[in-house]
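Asks:
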Amino acid sequence: MKKLNVTIQLEMTVPDDWELVETSEGTPVIQMADGKFLDIAIEPLFATDPEDMWSSTDSEEELHEVLDMVESEAVTYEFVTH
99 MKKLNVTIQL EMTVPDDWEL VETSEGTPVI QMADGKFLDI AIEPLFATDP
149 EDMWSSTDSE EELHEVLDMV ESEAVTYEFV TH
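Position one of the sequence shown corresponds to residue 99 (my numbering), numbered consecutively onward.
The structure is reproduced here in structure tokens:
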């Protein structure tokens, strides 16, 4: 087996009332309106042809097969003001 590092960086325009909060374990998440929370993580997408439509899988087994390969995950959040 070999290692694959995947870095996910998103730049988003979000409502002014969103805030960064930490869970009891110190994991940062986003507090949205109406008491909802958001965490952004990887969702594997699959296709039988790379030029065709990509979609998530309906197979829990296939999804867990890929997710079980993840040894660690690090997501950072930062609000940027101009």
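The beta carbon of each residue, even a glycine, is placed where N, CA and C say it ideally should be.
Nearest by alpha-carbon distance to I138: which of E109, H180 and K100 is it?
Replies: Position 40 of the sequence shown, counted from the first residue, corresponds to residue 138. Selected option, being the one with the closest Cα: E109.
Asks: Say whether chain B places a C-beta atom closer than 8 angstroms to the C-beta of Y175.
Replies: Structure shown: chain B not included; a single protein chain is present.
Asks: If you reduce the DSSP assignment to three classes, tell me which class E120 lands in.
Replies: Mapped onto the sequence shown, residue 120 falls at position 22. Strand, per DSSP.
Asks: Cutting at 6 angstroms between CB atoms, please list the residues of its own chain near E117, excluding the five before and the five after it.
Replies: Here residue 117 refers to the residue found at position 19 of the sequence shown. Once the five neighbours on either side are set aside, the close Cβ partners of E117 are Q129.
Asks: Under the three-state reduction of DSSP, which class applies to L136: helix, strand or coil?
Replies: Position 38 of the sequence shown, counted from the first residue, corresponds to residue 136. Of the three classes helix, strand and coil, the one that applies to L136 here is strand, per DSSP.
Asks: Helix, strand or coil for V127? Go by DSSP, reduced to three states.
Replies: Here residue 127 refers to the residue found at position 29 when the sequence shown is read from its first residue. Strand.
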